[in-house]
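Shown next, in structure tokens, is the structure this report addresses.
Chains as they are written, first to last, in my numbering: chain A, 397 to 777; chain B, 767 to 1106.
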């Protein structure tokens, strides 16, 4: 699951749980950047409301390539742009219908939005949407969880574990040139966060790339340092653009051990560790944000292409980021298990039954009768 | 004190809770729920029952819990869920048997917390404390420290309870209003029991402000206000609660205050409503409502002998100071004639 229930706090508090972050150049309007943040997985219907106690934030910073090859990394700029959604207590309208209003606070002003309005709100070149939508993520969780549980590659069931589930979605579309000015480079780093509102502010959840916490950080079995600690809640409290030094060692140990385990699943080593035992992807993935090249056109398949090019020391070809229908599960497993030096590792689920649309707000309407969540495996209680 | 954490507004939280229950009930009606999601439905119904004082929600939850434990004999979660509901029904021995089964089926940690709650409910405080401390040693968080605080409060160890209530609050993370409101309610109830009505009001008000639909918090707030002489405010609250809740406790409290104020005609109406409802509940769940029913007959019900029989029934399954005090009051009332 992309970031669904990625840690005890998110499982206990679904309203703070960011299940997904996607960012891509608009397929509808060249020059626009679209960012989508999904929260509250598995529970909502079109009657569900956003919390008025949470600031739902999408943060952007300019990034540039700092180094390539085995030491591939991005340098993160200090300038930041934030798109932040806050919501009110709902009002009862005529006929007893409830309406919840919200505001998207943007670098160029505020845009009001009513939850569930199909075409969202438009203002000053911005488009925003807030409401319940169909979860576009797809994964065979019996396959992904089965890997952790059985310590080998199981046969895929090819059943999408999130089929028909709903999420609460927040969509922002903005002119990408207006973000950091004309002098800025084309690469943008993007993070989604839920933080508390009011005088006591705390980051509750945070997502950059998909499956960092669930595929990689959840697995304690290969960790050489902490075998009884779920590090995901700590990790989610961090500023994804600048991790504190306090727990870096714990995160590194978890990523090194877990990714070495995945690398060994096909019986060969595609990611040799260095003399300190560090996996070549560890530092790159700890810079945990989506990277989009806003100068490139929309692409259907582009997740992690910029980072992969960096590792190979060649120019990237696509916009990177992440489009809703991109099969990132296969991309992540192939990357971790054979680094492309073998067949594509597939969980057998290549798309949803209702793929995302190429027009705003891109996500499909909610399922009025979602199924119960199927049995999940390899999830610690 | 009670408002430094911003939590989701009670209206939103309850709308979303209603929505989750509706969605799970729809799936249940279509025969699509697995035992895990039946257990989730039981949890959601119990939470709503707790907030709104809706006995119908508890009854629905108890019915589901019985059914899933019968259908899923190898599922520890099903036994754990039934144990919780049997404890609510004061069927403590059967609940403990279910916890043994849950433990055998791999849910030792969860069963330990539930066992502590049952020991606390029946007055086996030392055993409850040993289990609570063991849980805290493994995981000291909002919930586990709150449980320790509530146990100290129950034992009348006020300084310790205050300390652990504070420690628990300090560890609160998240935005759901339910946990904090319940904690503040228990803290207020503790001070009410101690006779410190100022502090009681402070915490009960904090719970009610955070979660305005929290019937139990408002009911106790009304009792405190009535004792402090704010009779009309208390009557207003209780009249609203007695009209909307299916728990006869509010009608009982309202009738009591109205009798005291000489508003006999109104008091009689509410007393009659409470009596009918207690008769219904005692017919269905005698163990669960013996204590509250005894309280009714001991006060506005005006039948101390009936109260004594119920207090005995209650004391037979719960050896708590509160059960003993109820029994003692009922015996005294019988000795001195009918109460008014």
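We put the CB at the ideal spot given by N, CA and C, even for glycine.
Because the structure is a prediction, the values reported are computed rather than measured.
Below-8 Å beta-carbon distance, residue i vs any chain A residue
{"i": "residue 803(B)", "result": "yes"}
{"i": "residue 787(B)", "result": "no"}
{"i": "residue 991(B)", "result": "no"}
{"i": "residue 834(B)", "result": "no"}
{"i": "residue 792(B)", "result": "yes"}
{"i": "residue 1046(B)", "result": "no"}
{"i": "residue 880(B)", "result": "no"}
{"i": "residue 1096(B)", "result": "no"}
{"i": "residue 904(B)", "result": "no"}
{"i": "residue 1105(B)", "result": "Residue placement at residue 1105(B) is poorly supported in this model, since its pLDDT is 45, which falls under 50; the coordinates are not used for a value here."}
Neighbouring residues, chain B, relative to residue i (Cβ below 8 Å)
{"i": "residue 450(A)", "result": "774, 941"}
{"i": "residue 487(A)", "result": "Ordered by position in chain B, no residue passes the 8 Å Cβ test against residue 487(A), which lies about 10 Å from the chain."}
Per-residue contacts from residue i into chain B (C-beta, under 9 Å)
{"i": "residue 409(A)", "result": "939, 940, 941, 942"}
{"i": "residue 593(A)", "result": "772, 941"}
{"i": "residue 600(A)", "result": "939, 940, 941"}
Residue i burial status per 10 Å Cβ neighbour count (16 or more: buried)
{"i": "residue 596(A)", "result": "exposed"}
{"i": "residue 710(A)", "result": "exposed"}
{"i": "residue 536(A)", "result": "buried"}
{"i": "residue 952(B)", "result": "buried"}
{"i": "residue 828(B)", "result": "buried"}
{"i": "residue 691(A)", "result": "exposed"}
{"i": "residue 493(A)", "result": "exposed"}
{"i": "residue 825(B)", "result": "buried"}
{"i": "residue 500(A)", "result": "buried"}
{"i": "residue 609(A)", "result": "buried"}
{"i": "residue 670(A)", "result": "exposed"}
{"i": "residue 1028(B)", "result": "exposed"}
{"i": "residue 758(B)", "result": "Given a span of 767 to 1106 for chain B in the structure shown, any question on residue 758(B) remains unanswerable."}
{"i": "residue 1071(B)", "result": "exposed"}
{"i": "residue 859(B)", "result": "exposed"}
{"i": "residue 585(A)", "result": "buried"}
{"i": "residue 486(A)", "result": "buried"}
{"i": "residue 565(A)", "result": "buried"}
Nearest-angstrom beta carbon gap, residue j and residue i [assumed within contact, 8 Å]
{"i": "residue 414(A)", "j": "residue 590(A)", "result": "6 Å"}
{"i": "residue 401(A)", "j": "residue 440(A)", "result": "Contact doesn't hold; Cβ gap of about 14 Å is too wide."}
{"i": "residue 871(B)", "j": "residue 841(B)", "result": "7 Å"}
{"i": "residue 1086(B)", "j": "residue 941(B)", "result": "Wrong, their Cβ atoms sit about 34 Å apart, outside the cutoff."}
{"i": "residue 458(A)", "j": "residue 576(A)", "result": "5 Å"}
{"i": "residue 738(A)", "j": "residue 662(A)", "result": "6 Å"}
{"i": "residue 883(B)", "j": "residue 853(B)", "result": "7 Å"}
Under 9 Å by beta carbon: chain A residues contacting residue i
{"i": "residue 800(B)", "result": "768, 769, 770, 771"}
Closer than 7 Å at the beta carbon, the chain B residues around residue i
{"i": "residue 412(A)", "result": "940, 941"}
{"i": "residue 445(A)", "result": "778, 781, 782"}
Closer than 7 Å: residue i CB and nearest the ligand SAH heavy atom
{"i": "residue 687(A)", "result": "Inclusion of the ligand SAH in the displayed structure is not the case, the ligand content being empty and no account of it being possible."}
Contact with chain B by residue i, beta-carbon distance below 8 Å
{"i": "residue 566(A)", "result": "no"}
{"i": "residue 400(A)", "result": "no"}
{"i": "residue 537(A)", "result": "no"}
{"i": "residue 439(A)", "result": "yes"}
{"i": "residue 405(A)", "result": "yes"}
{"i": "residue 763(A)", "result": "no"}
Contacts of residue i in chain A (Cβ-Cβ under 7 Å)
{"i": "residue 771(B)", "result": "596"}
- [ ] Would you be able to state if there are at least three C-beta pairs under 8 Å between the stretch 567-579 of chain A and the stretch 750-769 of chain A?
- [x] yes
Open item on the list: Taking 8 Å as the cut-off, does the stretch 415-430 of chain A touch the stretch 736-745 of chain A (at least 3 CB pairs, one atom from each stretch)?
Closed with: no
Task: Any 3 or more C-beta pairs closer than 8 Å across the stretch 1033-1052 of chain B and the stretch 991-1002 of chain B - done: no
Open item on the list: Below 8 Å, how does it come out for the stretch 1049-1062 of chain B and the stretch 1092-1099 of chain B: are there three or more Cβ pairs, yes or no?
Closed with: yes
Open item on the list: With three or more C-beta pairs closer than 8 Å as the rule, is the stretch 786-804 of chain B touching the stretch 833-852 of chain B?
Closed with: yes
Open item on the list: Any contact between the stretch 509-518 of chain A and the stretch 722-729 of chain A? By contact I mean 3 or more CB pairs, one from each, below 8 Å.
Closed with: no
Task: Inter-stretch contact at 8 Å, needing at least 3 Cβ pairs: the stretch 976-983 of chain B / the stretch 815-822 of chain B - done: yes
- [ ] Inspect the CB distances between the stretch 677-694 of chain A and the stretch 421-432 of chain A and report whether three or more fall short of 8 Å.
- [x] yes
Task: Any 3 or more C-beta pairs closer than 8 Å across the stretch 932-951 of chain B and the stretch 965-972 of chain B - done: yes
Open item on the list: For the stretch 679-691 of chain A against the stretch 600-614 of chain A, do three or more pairs of beta-carbon atoms, one drawn from each stretch, fall closer than 8 Å, so that the two count as touching?
Closed with: yes
Task: contact_flag[the stretch 645-660 of chain A, the stretch 425-436 of chain A] where n(CB pairs < 8 Å) is 3 or more - done: no
- [ ] Check whether the stretch 763-775 of chain A touches the stretch 781-796 of chain B, counting contact only when three or more Cβ pairs, one atom from each stretch, lie closer than 8 Å.
- [x] yes
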